[in-house]
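Structure record follows, encoded as C-alpha cells.
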Amino acid sequence: MQRVRIHYFKGEALQYIGNLDLHKVWERTFRRAQVPLAYSQGFHPQPRIHQACPLPLGFTSQVELLDFWCDSDESLAELQAKLEKSVQPGIEIQTLTNIPLRSPALQTIVESALYQVILPEDCDLTPIQAKVNQLNGAESCLRERRGKQYDLRPLIKELTFSSSKPASITMRLMAMPGATGRPEEVLEELGISPFVVDVVRTDLTLLSIPEETETNA
Amino acid sequence: MLNRIEIKKKLKVILPTVVKPGRYFGGEFNHVVKNWDEIGLRMALVFPDIYDIGVPNLGISILYETINKRPDTLCERAYVPWLDMEEAMRENKLPLYALESCTPLAEFDVIGFTLPYETLYTNVLNALDLAGLPIRSADRNDSHPIIIAGGHAAFNPEPMSAFIDAFVIGEGEEAIHDVLDCIKSAKAEKLSRIQTLERLQAIPGIYVPAFYNVSYNEDGTVKSVEPASPKFPKKIIKRVVGILPDPPTHFVVPSIDVVHNRIAVEIMRGCTRGCRFCHAGMVNRPVRERPVEQIVNAIEESLKNTGYEEIALLSLSSSDYMHIEELVSTISERFAGRNLVISLPSLRIETFAVGLMEKLKGVRQGGFTLAPEASTDRMRSFINKPIQAEQLLETARQIYSRGWNSIKLYFMIGHPSETMEDVQAIADLCKQVIKEGRKIIGNKASLHTGVSTFVPKSHTPFQWAALDSIQNVLDKQNLLKDQLRTPGMKMTWSNPRETILEATLSRGDRRLSDVIEDAWRHGAKFDAWMDQFNYNLWIDALEGAGLPPAIYTTREREISEVLPWDHISTGISRKYLEREYQKALDGETTDDCRDQCLACGIVPTLTNQLKDKDGVQWVCLEAA
Ligand code: SF4
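Here the protein sequences line up with chains A and B, keeping their order.
According to my numbering, the first sequence holds residues 23 to 239 in order.
According to my numbering, the second sequence holds residues -3 to 620 in order.
Below, the structure is given as C-alpha cells:
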C-alpha cells in the first residue's frame, strides 16, 4: 500500500465542477487508468481519496492537492504516466509525491491560500486601489455569512494591488476549518463583481507537519 | 445572433448565478470536439429535457457515437436549460448553443430531437424558440437547419407534425446515415429546403408530414391521410437493423451527477411476449439478441473508456434472452472483485430470476423489481400477461430469504372492464407479499408498489380502447392508497391529469399541433415534471381549438375508424392488432410467439431490411 499526493492544475473546463463531483471525476480517472485504489472498510466501501480545501465554483487553480491510497507498488513515474493518459480535460497533473501512510489528512493541514485576481481592462482602478488600502488599514471588517456575523479582516493575511497591466489583486486568505476567507467576499468588500474577474488560486500554504518517523510500510 | 466567443463571455457572467452550472458547460470526458472549419456537415442532437435526464439517454449515446465516426460530419449535443438558466439566457439574448463548441444551434445543418415520450413536446418548441428558430416548419426557410425527430413517440408523429420537418420512423442506426448523406448532397447542390425535404421523403422510413394531407369526418374523426403527390409513399414503413451493430462504448461521462451514472448495454431488442398494452413490445419487433461475447466485450471496453462503476443490462424482457445464464455467469466471473454494481431489470416473475440476480449482486444491494401488472386472472388475460399468484409469492419468498429486504412491484390500473374487485385484488396481493416478507425477515421487509395508469397507445392492440375516466382512476388510486401505505409499505402512483395529457398526445392527430403551440405560448413546459405540469393550460388550449379531450381519451374508437397514424407502419398488420383486441375482450390469452409464430406481419413487411449482411433471409426466431 502506498499513499501518493498529486499536485494538479484545475482549469477552465472544470471550473463549474464542485468538490463532490470532482471527487467522482477523480474516482473515474483512477478506474480508467486501472490504478487499484484502496477501499475503506465497512458496508459501503469507498475508494480512499482525499482532497485539500475546496475551490469555489468559477475559479481555476494551479495548486490543487489530492491524496490517494493504492494497493500497488508501481513507481510514481508509472502511476503518473497512467493517470495522465486517463485524466479529463481541465486537470493537468504536475507532480506525484509519496506521503507517509499515517501523516495527517490533507484537509487538516492547509493553513492559507493565495489567490490572484485579474481585473478587466475597462475597470476604474483608482477606487479599487483606495479600497484595498482602506481594507488593509482596517482593524476589523464585519460581514454576514448565512445570517451569522463574522469578521473578514483577520482572515485576510495579505492583500496587494498592482496596476501593471493587466491590473491585478493578490490576496492570501486563511483556509483552516472554521476560519476560511473567501475571495468573492473580499472582492465584494472592494466593490468588484466576482463575475467579471478571473480568479486563480496560485498557492496553498501547508502547516509544517512534525517530523514523521514512520514511512511507507 | 451572438457568436461562440460572445456566448462564452456571457456564460462567465451567467453561470455563477444558476443552479448546477456544470450542466451548461460541456467539457465531459469522451465528448467529441471536431474542427468546424474542416468539417462541412454539422448536426446537433437535442434531448428535450435537462442535461441530468438527457445525458444517460441510450438513443442519444448511440447516435452521437455513430455520427461522430463519420469523418465528414461533426455531431454535438444540447439539452433544454432549467428555468433559472432559461430566464438568464433570455435576459442576455443568449441563444441555445451546443455544449461541445458553444455554437448556436441555428448554425447547424441538421438538428435532431429524440422523442421518447409525449410529455417532452412543449420542450421541443421551447428549444427551437431558444435557438432563435421559428417553431413551425412552414415558417422556416432555406437559411434554417433541417429539424428531424425520432424515438418511440414518433411512431405517432401527427401531433408534432407542424414543428418537425422530417421524422425518422423506427431504428436510427442506419437511417441516420441515409439522412446525413442526403443533406450533405443537398447542401453541395445548393438545393432549396423543399427540394431537400422531397429527397428526404424518398428515404425509406422517413416521413415529411408537410407532404401528406389529412381530411376529417363531420364527427371530428380522421377521414383520410393522403400523400400530396403520387410520388410519395402511401405508407411509411419503420426502419430496423437486421443485426444489432456493436453497442456504444465511448459514453460521455458527465462531470456532475445525473440520473443514471452508468454504462448501458442493450442485450436484446424487441420482445415476443405480446403484452397488449405495451408500445415498446409492439414497435420494436422482431427480437434480435446480441451474442454474449459482444456484450461482455462492450462492457470491458466501456469500463476502460469511462471509469464508470455501474452497468445496466437493458432489454424489454431479460429472462427471455436466450443465453441469459451464460451471460450472467460470464459477467459475474469476469468482473468480480472490481466493486461494480450490475443491474438486470425486466426479469420474469419466477424463482430462476432470483438466482440470476444473486450471481450479479455485488457488495451493494438495491431492491428487487418485478412487474406483475395485474392481480386477477381476468385482467391478466385481458392484458395478456398471465402469471400465477403463487408463482409471485414463491418468488417474493425467495427474494426476501436470499438477502433482499425490499421488493418493488409494478401494477397498472385503468384497463377497460376493470372493476373495483380487480383493484382490491392488487391490494390483497401486495399485503400477501409483505406478509411473506415479514415471516422471513420480520419488520425489515419492505414493499414498494408502483401503480401506473393504463394509457392506450398507438400501434398496440389497445389503440382503439378507451382511457379510464378520471373519477374511476381517482377512486381506484384511493382504494390502494388507503391500504398500501402502512409501515413497511410505500406506494407511488401517476398523476391522473398527466395521464390524460399523455393519452391525448399519444393518440392525437395533427390538429393537436395548434394545441401544443397554444399551451406552450401560455407557459407549458417540462410537462413530465410533476411540479411544473399545468393541466389547465392544456384544457384551455384544447377548448380553444374546439377539441374536447374526450375525443382522444375516454372514447372507444371504432375498429373501422381511420386512425391518425394508420399511414405509419411498424410492420405489424392491422389485422393482427384487431385480432388481439378482440381476444382481449373475449378474455383469451395469446402465447409467446417465440414458441409459435403468430404471423404478426413483420416478416413480409420488413423482409428487405431484415436480410443479414450475406443476404440470407431473416427468420423470426426459429418460427416464421
Ligand atoms: S413474425 Fe411471428 S415470431 Fe416474429 S414477432 Fe411476429 S408473431 Fe412473433
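Here a beta-carbon is modelled for each residue, glycine too, at the ideal position from N, C-alpha and C.
Check: According to the neighbour-count rule (16 or more other Cβ atoms, all chains shown, within 10 Å of its Cβ), is L581 (chain B) buried or exposed?; Outcome: exposed
Check: Under 8 Å between beta-carbons, which chain A residues line up against P457 (chain B)? List them in chain order, please.; Outcome: The premise fails here: P457 (chain B) is roughly 45 Å from chain A at the closest Cβ pair, so nothing lies under 8 Å.
Check: Which residue marks the beginning of the alpha helix (DSSP H) containing Y117 (chain B), and which one marks its end?; Outcome: Y117 to L126
Check: Alpha carbon to alpha carbon, how far is K607 (chain B) from G238 (chain B)?; Outcome: 6 Å
Check: Using a Cβ cut-off of 8 Å (strictly closer), state whether D48 (chain B) contacts chain A.; Outcome: no
Check: For R75 (chain B) and I3 (chain B), which I take to be in contact (beta-carbon distance under 8 Å), what is that distance rounded to the nearest angstrom?; Outcome: Correcting the residue type first, residue 75 (chain B) is Tyr in the shown sequence and not Arg. About 16 Å; that fails the 8 Å criterion.
Check: Quick check: the Cα distance between D588 (chain B) and Y572 (chain B), rounded to an integer number of angstroms?; Outcome: 14 Å
Check: Does T182 (chain A) come out as helix, strand or coil in the three-state DSSP assignment?; Outcome: strand
Check: Specify the secondary structure class of P226 (chain B) as computed by DSSP and reduced to three states.; Outcome: coil
Check: What are the start and end residues of each continuous alpha helix (DSSP H) run of 4 or more residues lying completely inside the stretch 161 to 211 of chain B, in chain order?; Outcome: 168 to 184 and 189 to 197
Check: Taking the alpha-carbon of D464 (chain B) as reference, which of B:S397, B:E552, B:Y406 and B:P244 has the nearest alpha-carbon?; Outcome: B:E552
Check: By the criterion of Cβ-Cβ separation under 8 Å, what are the contact partners of Y304 (chain B) in chain A?; Outcome: R50 and R53
Check: Less than 7 Å between the CB of A595 (chain B) and some heavy atom of the ligand SF4, yes or no?; Outcome: yes
Check: Going by the C-beta, is T585 (chain B) closer than 7 Å to any heavy atom of the ligand SF4?; Outcome: no
Check: Taking T69 (chain B) as the reference, which of B:R38, B:F43 and B:S97 has the closest Cα?; Outcome: B:R38
Check: For N401 (chain B), which residues of its own chain have a beta-carbon under 7 Å away from its beta-carbon, when the five flanking residues on both sides are left out?; Outcome: I437, K440, A441 and S442
Check: A158 (chain B) and S188 (chain B) - do their beta-carbons sit closer together than 8 Å?; Outcome: no
Check: How many angstroms separate the CA atom of P130 (chain B) from the CA atom of D510 (chain B)?; Outcome: 14 Å
Check: With H, G and I counted as helix, E and B as strand and the rest as coil, what does DSSP make of N155 (chain A)?; Outcome: helix
Check: Residues of the stretch 236 to 253 of chain B with a CB closer than 9 Å to any CB of chain A: list them in chain order, please.; Outcome: V249, P250, S251, I252 and D253
Check: Can you tell me which residues form a DSSP beta bridge with R265 (chain B)?; Outcome: B:R284
Check: Is P111 (chain A) close to chain B? Criterion is C-beta to C-beta, closer than 8 Å.; Outcome: yes
Check: Thinking just about the alpha-carbon of each residue, which of B:Y212, B:K231, B:E557 and B:P77 is nearest to the one in N165 (chain B)?; Outcome: In the sequence as presented, Asn is not what sits at residue 165 (chain B); that position holds Ile. Nearest of B:Y212, B:K231, B:E557 and B:P77 to I165 (chain B), Cα basis: B:K231.
Check: To the nearest angstrom, report how far apart I1 (chain B) and S125 (chain A) are at their CA atoms.; Outcome: 46 Å
Check: Can you check whether the C-beta of A35 (chain A) is within less than 8 Å of a C-beta belonging to chain B?; Outcome: yes
Check: Can you grab the Cα-Cα spacing for the pair V42 (chain B) / V154 (chain A), in whole Å?; Outcome: 47 Å
Check: Quick check on F65 (chain A): buried or exposed, where buried means 16 or more other Cβ atoms within 10 Å of its Cβ?; Outcome: exposed
Check: Please find out if some non-hydrogen atom of the ligand SF4 comes closer than 7 Å to the beta-carbon of C589 (chain B).; Outcome: yes
Check: With three or more C-beta pairs closer than 8 Å as the rule, is the stretch 157 to 169 of chain A touching the stretch 134 to 146 of chain A?; Outcome: no
Check: Does the ligand SF4 have a heavy atom nearer than 7 Å to the CB of T268 (chain B)?; Outcome: yes
Check: Closer than 9 Å, Cβ to Cβ, to anything on chain A: give me those residues from the stretch 12 to 23 of chain B, in chain order.; Outcome: P12, T13, K16, P17, G18, R19, Y20, F21, G22 and G23
Check: Determine, using beta-carbon pairs with one atom in the stretch 552 to 562 of chain B and one in the stretch 192 to 206 of chain B, whether at least three such pairs fall under 8 Å.; Outcome: no
Check: Are the C-beta of F450 (chain B) and some C-beta of chain C separated by less than 8 Å?; Outcome: Note that chain C does not occur in the displayed structure, where the protein chains are A and B.
Check: Relative to the C-alpha of A260 (chain B), which candidate in B:A276, B:Y304, B:M278 and B:E285 has its C-alpha closest?; Outcome: B:Y304
Check: Using beta carbons (cut-off 8 Å, strictly below), is E100 (chain A) in contact with chain B?; Outcome: no
Check: With H, G and I counted as helix, E and B as strand and the rest as coil, what does DSSP make of H444 (chain B)?; Outcome: strand
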